[in-house]
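Asks: Those sequence lines, one after another, are chains U and A.
My numbering puts the first residue of the first sequence at 6, with every later residue one more than the last.
My numbering puts the first residue of the second sequence at 6, with every later residue one more than the last.
2 protein chains.
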Amino acid sequence: MKQLKIKCWIEEDGEKFYGPGPHELLKQIQKEGSLSKAVEQMHMSYKKAWAMVQRLNQFSEEALVILKKGGQHGGGAEVSLYGLGIMKEYDDLQLKVRQLIAQEEKLLKVLKK
Amino acid sequence: MKQLKIKCWIEEDGEKFYGPGPHELLKQIQKEGSLSKAVEQMHMSYKKAWAMVQRLNQFSEEALVILKKGGQHGGGAEVSLYGLGIMKEYDDLQLKVRQLIAQEEKLLKVLKK
DNA sequence: AATCGATATGTTTTTAAATACATAACGCTT
DNA sequence: AAGCGTTATGTATTTAAAAACATATCGATT
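1) Find out if the Cβ-Cβ distance for the pair Ala107(A), Tyr87(A) is shorter than 9 Å.
2) Kindly indicate which residue of Asn62(A), Tyr23(A), Arg60(A) and Gln33(A) has the alpha-carbon position closest to the one of His48(A).
3) Determine which residues of the region 16-43 of chain U have a Cβ less than 7 Å from any Cβ of chain A, and write them out in chain order.
4) With which residues is Tyr23(U) paired in a DSSP beta bridge?
5) Under 8 Å by Cβ, that's how I've got Gly26(A) and Met57(A) pegged, so tell me the actual separation to the nearest angstrom.
6) Quick check: the Cα distance between Ile15(A) and Gln77(U), rounded to an integer number of angstroms?
7) Counting along the chain, where does the alpha helix (DSSP H) carrying Val102(U) start and finish?
8) Would you say His63(U) lies against chain A (beta-carbon separation less than 9 Å)?
9) Per the DSSP calculation, Gly79(A) is bridged to which residue(s)?
10) May I ask you to verify whether the region 80-97 of chain U touches the region 34-41 of chain U, counting CB pairs closer than 8 Å and requiring at least 3?
Spelled out as structure tokens, the structure:
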């Protein structure tokens, strides 16, 4: 059975900046309060996630994720207010995109059989 | 500078069926009349393109590409009428998607800076 | 039947990405 | 200052995709 799929993301100078991967990572960070725990949930390597966070923070006017090392619980990670705003924007965008998909799926003959 | 990107494709049972890659391939086949020449233009390996064509034909009610081997000119490839129809559908879809992008790019705060 | 240029197909090599592993650094708490 | 759990970072290994290479097959034309 055939399905129409659409994926959207934001690029910074031709390289991926924010998309499904980072979006899911931020959701897990928000839930777990730690980068390592978020990573565990997602079956993603810590290194990859860490680099993702660096990139997100570096190419924004404000950090999306705040990382803290040391301290009582060893440290932790949280999504900033600014990061939460971007997450919401992306969610809203995805909603519109899904509406387009639903509409188009009815028309496309390719999807038949 | 940040940009919103969207990519759409059609899946058959979870695996890619028709998207930007096959679409470009069909365009080149149409132009060149041969799979090997199309591949050369695209810097794609013949094997990959050949497998793509097999998949496109196998999972459709009708072949999108007709491959001919032997004969005066050794053979050749052409996009079927059915294939042309799918190409047009995909082009039309991309047009609508681009309209959505243009509209959304004005709204997204993430794109600022 | 010999030729030619394209399709068809298997094997090997290269490449890049992801993962795994190891270890240092941090700072609050006790 | 010792312990803890997390962030930070380098190195090595694994994996999968892509490319490169080699060769067989086909069939109209001559």
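C-beta atoms are modelled at their ideal positions from N, C-alpha and C, and glycine is treated no differently.
Replies: On the basis of the data shown:
1) Here residue 107(A) corresponds to residue number 102 of the second sequence, with the count starting at 1. Here residue 87(A) corresponds to residue number 82 of the second sequence, with the count starting at 1. Cβ distance not < 9 Å, so Ala107(A) and Tyr87(A) don't count as in contact.
2) Walking along the second sequence from the start, residue 48(A) turns up at place 43. Per the Cα distances, Gln33(A).
3) Within the region 16-43 of chain U, the residues whose Cβ lies closer than 7 Å to any Cβ of chain A are, in chain order, Glu16, Glu17, Asp18, Phe22 and Tyr23.
4) Numbered from 1 along the first sequence, position 18 holds the residue referred to as residue 23(U). In the DSSP assignment, the residues bridged to Tyr23(U) are Ile15(U).
5) Numbered from its first residue, the second sequence carries residue 26(A) at position 21. Numbered from its first residue, the second sequence carries residue 57(A) at position 52. Sure, about 7 Å apart at Cβ, within 8 Å.
6) As a working mapping, residue 15(A) is identified with position 10 in the second sequence. As a working mapping, residue 77(U) is identified with position 72 in the first sequence. Going from the Cα of Ile15(A) to the Cα of Gln77(U) covers about 50 Å.
7) In the first sequence, the residue the question calls residue 102(U) occupies position 97. Its alpha helix (DSSP H) spans residues Leu86 to Leu112.
8) Residue 63(U) sits at position 58 when you count from the first residue of the first sequence. Here the sequence assigns Gln to residue 63(U), which means His is not the residue at that position. Answer no: the Cβ-Cβ gap between Gln63(U) and chain A never drops below 9 Å.
9) The sequence position of residue 79(A) within the second sequence is 74, counting from 1. In the DSSP secondary-structure assignment, Gly79(A) is not bridged to any residue.
10) The region 80-97 of chain U vs the region 34-41 of chain U: in contact.
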